[in-house]
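Residue numbers (this note's numbering), protein chains in the order written: chain X, 5 to 124; chain D, 5 to 124.
From the three backbone atoms N, C-alpha and C, an ideal C-beta is built for every residue, glycine too.
There are 2 protein chains.
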Amino acid sequence: MTYPSLPHDHGQNEMKLLERIPADESFITLSDIFSQLGDESRLRIFWILCHCEECVINISSMVNMSSPAVSHHLRQLRAGGLITSRRNGKEVYYKAADTEKTRLLHSMIESLMEIECPEK
Amino acid sequence: MTYPSLPHDHGQNEMKLLERIPADESFITLSDIFSQLGDESRLRIFWILCHCEECVINISSMVNMSSPAVSHHLRQLRAGGLITSRRNGKEVYYKAADTEKTRLLHSMIESLMEIECPEK
DNA sequence: TTAACAGTTAAACAATTATTTAATCGTTGA
DNA sequence: TCAACGATTAAATAATTGTTTAACTGTTAA
């Protein structure tokens, strides 16, 4: 079996690696997840919602943002499956989704904080 | 000691949580890291460089992009401390940085792929 | 020393994305 | 039912970001 070759052959079996490379779809899926957390405000909101369930007004107050701006971010986080919501009377409560994905992301965030932001 | 209060009191000690919330700087640092991986092309390049050391031309060929575009992304990944480079003759080789941060990110990517992209 | 090759940089453009303001929707209690 | 409140949506703007093209830098070998 022959493979289309790369411009340079550095003799480390790049072609074999290319056989194992995940599908485009996988990279799109994962980069979408990382994009969610790639915004400072959204990361902060997600961190908060990993630790408590809150209504929009309180989230807005905690992160010092207007409620439309927060709503916008909550919408994205929910579309991405990172948070869930429930209405109770006039208020809508948000919290981190109870999934393997969010548990992994949360523990990763805490680990990265320890590694990259000690004593903060 | 008294705390400034939130608009609504849902009786779950949000104020105590606010005492533990990481500094702005920490969220900025982490969201910068996630932004790096929030771009599909950059995530693919980082994945490749976690598995092999490669020159720019080969990376460009592997991800089907122009070398200026790849160079642009490599520059960002290097500025973020995710990859390192060394020149050898006419070529510059890149690979994932050998740090706790990159090991964590790499293992996280592989875990997320398993959870979110099974069989791909 | 100069031509060819590998890589980077810069400027311009295109596209995406975050935030604001204003309007709207849904729920509750007067 | 209607006023007040919480939340969402829409449109507009501002800002950021990715890609292209072209010019440029560094290295090697003829």
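Query, Result
"Short-range partners of chain D found in the segment 33-47 of chain X, where Cβ spacing is below 7 Å", "Thr33, Leu34, Ser35, Ile37, Phe38, Ser39, Leu41, Gly42, Asp43, Glu44, Leu47"
"Under 7 Å from the C-beta of Ser54(D): neighbouring residues of chain X", "A small fix is needed here, since residue 54(D) is Cys in this sequence, not Ser. Chain X residues near Cys54(D): none, gap ~10 Å exceeds 7 Å."
"Reference Gly85(X); option with closest CA among Leu21(X), His77(X), Ile25(X)", "His77(X)"
"Limits of the unbroken alpha helix (DSSP H) element including Asn62(X)", "60-67"
"Within chain D, partners of Leu22(X) - CB distance below 8 Å", "Met66"
"Environment of Glu23(X) [buried if 16+ CB atoms lie within 10 Å]", "exposed"
"Short CB-CB distance (under 8 Å) between His12(D) and chain X", "yes"
"Thr6(D) versus Phe50(D): straight-line alpha-carbon distance, rounded", "At Thr6(D), the pLDDT of 42 sits below 50, so the modelled position is not reliable and the matter cannot be decided from this model."
"Interface partners of Lys94(D) on chain X, CB under 9 Å", "Those within 9 Å of Lys94(D) in chain X number zero; the least Cβ separation is about 10 Å."
"Bounding residues of the beta strand (DSSP E) (the contiguous stretch that carries Ser9(X))", "Premise fails: Ser9(X) is in no beta strand (DSSP E) and is neither H nor E."
"Neighbour-count burial assignment, Ala101(D), 16 or more Cβ in a 10 Å radius", "buried"
"Contact under 8 Å by Cβ, Ser115(D) with Leu41(X)", "no"
"Cutoff 8 Å: Lys99(D) Cβ touching any chain X Cβ", "no"
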